[in-house]
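Take the sequence shown: its letters are residues 73 to 227, numbered as in our numbering. Where a beta carbon is used, it is the ideal one built from N, C-alpha and C, also for glycine. Since the model is a prediction, treat every value here as computed from it, not as a measurement. A short worksheet on the structure shown next.
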Amino acid sequence: MLSIEQTREVNELTALNQDVQDWHASHFPHEFKPFDPVSMDSAFRNILDQKDSFAFVAKLDNKPIGYILCFIKIRSENAFQYKKSIMLIDQIMVKSEHRNKGIGKNLVAEVEKLAKQLHISDLQLDFWEANKLAAHFFTNSGFKTFRIYMEKHII
Ligand SMILES: CC(C)(COP(=O)(O)OP(=O)(O)OC[C@H]1O[C@@H](n2cnc3c(N)ncnc32)[C@H](O)[C@@H]1OP(=O)(O)O)[C@@H](O)C(=O)NCCC(=O)NCCS
73 MLSIEQTREV
83 NELTALNQDV
93 QDWHASHFPH
103 EFKPFDPVSM
113 DSAFRNILDQ
123 KDSFAFVAKL
133 DNKPIGYILC
143 FIKIRSENAF
153 QYKKSIMLID
163 QIMVKSEHRN
173 KGIGKNLVAE
183 VEKLAKQLHI
193 SDLQLDFWEA
203 NKLAAHFFTN
213 SGFKTFRIYM
223 EKHII
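See below:
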């Protein structure tokens, strides 16, 4: 049976994170470190200690198979822009053998539900341009490009 529950269990997130960290490390070796369970455990612990961080885990027959991690981000009002609160999806991952069954969409739906409860009207996220799977998934989940980051290597 599939269940999706909010979690603060660091161990579950660390174990699930390996695939996504390894993907980033193999595509962008100068930016991302190889997966290291000890430092990842401590990173998730620090993240989940913040009251504005939330994680949901998808479980199949009580075994973790995917997760989503999000934060509330508040931009204060300044001379240029109005105040805005957004729910930022920082990470999402479903184990490869369980993909294409709607689990990713269910995880995003949980974050949408939470954001609505907190009266936050917008979800945002970013992903690496090379991650075509993510582009396809997020577009099909209703996300639209609203800002573009560019870089130029000069050395
Ligand atoms: C991106 C990711 C989370 C998507 O998870 P997923 O569980 O495969 O996503 P879903 O199953 O909800 O949606 C994928 C497809 O399955 C389809 N689907 C939904 N319900 C379905 C069902 N019951 N049966 C079959 N297919 C279904 C969806 O329509 C969608 O297809 P489409 O996009 O071609 O229309 C997953 O591919 C992943 O973990 N990728 C690696 C990590 C990553 O890149 N994360 C993003 C950057 S941090």
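With contact defined as three or more Cβ pairs closer than 8 Å, the region 208–216 and the region 176–196 are in contact. Pairing D94 with K185, the inter-Cα distance amounts to about 30 Å. Restricting attention to beta strand (DSSP E) runs no shorter than 3 residues, the region 152–227 encloses them at 156–166, 195–197, ordered along the chain. The residue among E182, H170, R171, N150 with its C-alpha nearest the C-alpha of I161 is E182. In this structure, the beta-carbon distance from M159 to C142 falls below 8 Å.
When Cβ pairs closer than 8 Å are counted between the two stretches, the region 113–132 is seen not to touch the region 195–202, the count staying below three. Distances from the alpha-carbon of P136 to those of Q196, N89, F215, I192 put N89 closest.
Per DSSP, R147 is one residue of the beta strand (DSSP E) stretching across 135–147. Not one heavy atom of ligand 1 falls within 7 Å of the beta-carbon of M73.
When I146, A130, P106, K145 are compared, the shortest CA-CA separation from Y139 is found for A130.
Judged by DSSP in its simplified three-state form, F126 adopts strand. Leaving aside the five residues that flank R147 on each side, the residues in its chain whose CB is nearer than 7 Å to its CB run, in chain order, Q153, K155, K156.
For F116, the closest of Q163, L205, K145 by C-alpha to C-alpha distance is Q163.
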